[in-house]
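Structure first, commentary second.
Numbering (the working numbering), first residue to last: 8 to 161.
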């Protein structure tokens with residue numbers, strides 16, 4: 008199952024990267040989208056952050072309409088996109104988290120998370136605390152101060 012979860016992580020990650028590419032102008036100006044018209048959304052922006060859903064990615068044609076929004080571990084996703092830098096050279100960073108930790112028998116399964124990350128690739132990561140997410144092979148890290156979807160270990 009870890010391999011399947013990793014493949015799903017990779018799929019939604021690639022869809023989010025595609026979304027950032029095609030909606031950079033709207034993300035850089037932190038523009039909301041209700042889910043209609045040429046910018047189908049939904050996208051909700053506040054402060055320097057925008058939140059989208061898997062439905063946003065379906066509406067943009069980046070995921071199939073049959074996509075359910077939950078992975079093989081029965082966990083849904085929260086997708087946060089954060090604008091950093093200064094105009095006109097903003098950088099849009101995204102962090103996708105799952106709604107539930109991977110716990111079996113009362114223990115966080117870091118071994119299975121690691122396998123999922125190997126499948127998902129270099130952009131993947133995990134949380135070992137409630138406030139820090141760390142990337143595959145230490146390539147990146149983010150804190151809950153920057154991304155409010157970092158809330159639990161595992």
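Note that the Cβ used here is the ideal one computed from N, Cα and C, for glycine as well.
Check: For residue 84, name the three-state secondary structure that DSSP assigns.; Outcome: strand
Check: Taking C-alpha atoms, which residue in 8, 155, 16, 160 lies nearest to residue 83?; Outcome: 16
Check: Can you tell me whether residue 155 is helix, strand or coil according to DSSP?; Outcome: coil
Check: Mind checking which residues open and close the alpha helix (DSSP H) that includes residue 66?; Outcome: 61–66
Check: One question on the structure: do residue 86 and residue 74 come within less than 9 Å of each other, judged by their Cβ atoms?; Outcome: no
Check: Helix, strand or coil for residue 40? Go by DSSP, reduced to three states.; Outcome: strand
Check: Does the stretch 90–110 come close enough to the stretch 14–28 to have 3 or more Cβ pairs within less than 8 Å?; Outcome: yes
Check: Alpha carbon to alpha carbon, how far is residue 99 from residue 135? Give it in angstroms, no decimals.; Outcome: 24 Å
Check: Would you identify the three-state DSSP class for residue 78, choosing helix, strand or coil?; Outcome: coil
Check: Would you mind working out which of 44, 143, 132, 78 sits nearest residue 157, comparing C-alpha positions?; Outcome: 132
Check: With H, G and I counted as helix, E and B as strand and the rest as coil, what does DSSP make of residue 123?; Outcome: helix
Check: Where does residue 8 land, buried or exposed, given buried means 16+ other C-beta within 10 angstroms?; Outcome: exposed
Check: Looking only at C-alpha atoms, which of 27, 155, 151 sits nearest to residue 46?; Outcome: 27
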